[in-house]
Amino acid sequence: QVKLLRVLQERVFERVGSTSAIEADVRVIAATHRDLDQAVADGSFREDLYYRLNVFPIEMPALKERAEDIPQLITSFNQRLSAAGMSPAQFSPNATVSLSRHDWPGNVRELANLTERLSILYPNAVVDLTELPDKYKYADGINAIEQPELAAKNQQSSGKKVLRPIPEDGFDLKNYLVEVEKMYILQALEDTNWVVARAASRLGMRRTTLVEKMRKYEIHKTDDTAE
1059 QVKLLRVLQE RVFERVGSTS AIEADVRVIA ATHRDLDQAV ADGSFREDLY YRLNVFPIEM
1119 PALKERAEDI PQLITSFNQR LSAAGMSPAQ FSPNATVSLS RHDWPGNVRE LANLTERLSI
1179 LYPNAVVDLT ELPDKYKYAD GINAIEQPEL AAKNQQSSGK KVLRPIPEDG FDLKNYLVEV
1239 EKMYILQALE DTNWVVARAA SRLGMRRTTL VEKMRKYEIH KTDDTAE
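Residue 1059 is where the sequence shown starts when you use the working numbering, and the numbers rise one by one after that.
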């Protein structure tokens, strides 16, 4: 820790076993979701480290305080998914309004995870209120009538909007089904506040089976998944 503080303060360091100082031409960008002022006050974060890092602070409001950014963020996430070879889902106006009412305890990362999950479940389709997971549905006051463009697109899909278009050169169905299973398991766990027995019941499997699948897919409750 002392060596790290020196790098931050003086921008120099020594290689292991050497006594020659080397200048570090770097810029450190640090981020956190914690209240560091409070953390310093209660002694859970080093004060000297805080002041070495806190040169030019930028405070980013939580997603729930800037819901108007949600459509742009979804567009950005969809561009990344497309670049990764996926077929991202689109969100209807009603679905977007509903998402804007969510508290987003997992912040932007929660929205990114939701966008990817729905793109796996509904590739190239338009997600409306009915497709959103229950905890993201805030239907009060939202016009439940399907938008004309949404109806047209869903009619064109002939009731197959949950199916992934099969590329000309084919694709790995086994891996795709594994990803779908992982997403459903994660959704069931989140919808039941990570009560494994309830999630297993919702998925129609025994608790021990779900535990085995969670271990297999390395699904566990973390700051990122407990959203």
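Ideal placement from N, C-alpha and C gives every residue a C-beta, glycine not left out.
Review point. What first and last residue would you give for the alpha helix (DSSP H) that runs through residue 1132?
Key: The residue you call residue 1132 lines up with position 74 of the sequence shown. Looking at the DSSP string, the run of the alpha helix (DSSP H) that includes residue 1132 is 1128 to 1141.
Review point. Are the beta-carbon atoms belonging to residue 1277 and residue 1247 less than 9 Å from one another?
Key: By 1-based counting over the sequence shown, the position of residue 1277 is 219. By 1-based counting over the sequence shown, the position of residue 1247 is 189. It is a contact, given that the beta carbons lie within the stated cut-off.
Review point. What is the rounded straight-line gap between the Cα of residue 1185 and the Cα of residue 1265?
Key: The residue labelled residue 1185 in the question sits at position 127 within the sequence shown. The residue labelled residue 1265 in the question sits at position 207 within the sequence shown. One Cα belongs to residue 1185, the other to residue 1265, and the distance between them is close to 30 Å.
Practice item. Tell me whether residue 1243 sits in a helix, a strand or coil according to DSSP, three-state version. Key: For this step, residue 1243 is matched to residue 185 along the sequence shown. The answer is helix: DSSP assigns residue 1243 an H, G or I state.
Exercise for review: Spell out a yes or no on whether the segment 1116 to 1124 and the segment 1165 to 1183 are touching, meaning 3 or more CB-CB pairs, one atom from each, closer than 8 Å.
Suggested key: Yes, they touch.
Point to revise | Backbone CA spacing between residue 1106 and residue 1063 [nearest angstrom] | key: For this step, residue 1106 is matched to residue 48 along the sequence shown. For this step, residue 1063 is matched to residue 5 along the sequence shown. If I take the Cα positions, the gap works out to 8 Å.
Check your understanding: Is it right to say residue 1177 is buried, meaning 16 or more other beta carbons lie within 10 angstroms of its own, or is it exposed?
Key -> As a working mapping, residue 1177 is identified with position 119 in the sequence shown. The residue is buried, with at least 16 neighbouring Cβ atoms inside 10 Å.
Check your understanding: So the alpha helix (DSSP H) residue 1272 belongs to, where does it begin and stop?
Key -> Position 214 of the sequence shown holds residue 1272. Counting along the chain, the alpha helix (DSSP H) containing residue 1272 begins and ends at 1265 to 1275.
Check your understanding: To the nearest whole angstrom, what separates the beta carbons of residue 1139 and residue 1174, a pair I think is in contact under 8 Å?
Key -> Within the sequence shown, the letter at position 81 stands for residue 1139. Within the sequence shown, the letter at position 116 stands for residue 1174. Contact holds; Cβ gap of about 6 Å.
**Study point:** CA nearest to the CA of residue 1183, picked from 1195, 1145 and 1233
**Key:** Counting from one through the sequence shown, the residue named residue 1183 turns up at place 125. Comparing C-alpha distances from residue 1183 to each of 1195, 1145 and 1233 shows the shortest one belongs to 1145.
Check your understanding: Around the Cβ of residue 1209, are there at least 16 other Cβ atoms within 10 angstroms (buried) or fewer (exposed)?
Key -> The residue labelled residue 1209 in the question sits at position 151 within the sequence shown. A caution first: residue 1209 carries a pLDDT of 44, below 50, which makes its placement in the model too unreliable to give a value.
Review point. Pick from 1076, 1103 and 1158: whose alpha carbon is nearest that of residue 1149?
Key: As a working mapping, residue 1149 is identified with position 91 in the sequence shown. Out of 1076, 1103 and 1158, 1158 has the C-alpha closest to the C-alpha of residue 1149.
Review point. When DSSP labels each residue in this structure, what does residue 1113 get in the three-state scheme?
Key: Counting from one through the sequence shown, the residue named residue 1113 turns up at place 55. Assignment of residue 1113 by DSSP, reduced to helix, strand and coil, places it in the coil class.
Check your understanding: Is residue 1070 near residue 1081, with beta carbons less than 9 Å apart?
Key -> Here residue 1070 refers to the residue found at position 12 of the sequence shown. Here residue 1081 refers to the residue found at position 23 of the sequence shown. Inclusion of residue 1070 and residue 1081 in the CB contact set at 9 Å is warranted, their separation being smaller than that value.
Check your understanding: Exposed or buried, residue 1160, counting other C-beta atoms within 10 Å across all chains shown (16 or more means buried)?
Key -> Locating residue 1160 in the sequence shown gives position 102, counting from the first residue. Residue 1160 should be labelled buried.
Exercise for review: Since I believe residue 1240 is in contact with residue 1275 (beta carbons under 8 Å), could you give me their beta-carbon distance rounded to a whole number of angstroms?
Suggested key: Taking the sequence shown and counting its residues from 1, the one referred to as residue 1275 is at position 217. Taking the sequence shown and counting its residues from 1, the one referred to as residue 1240 is at position 182. That pair is a contact at about 5 Å.
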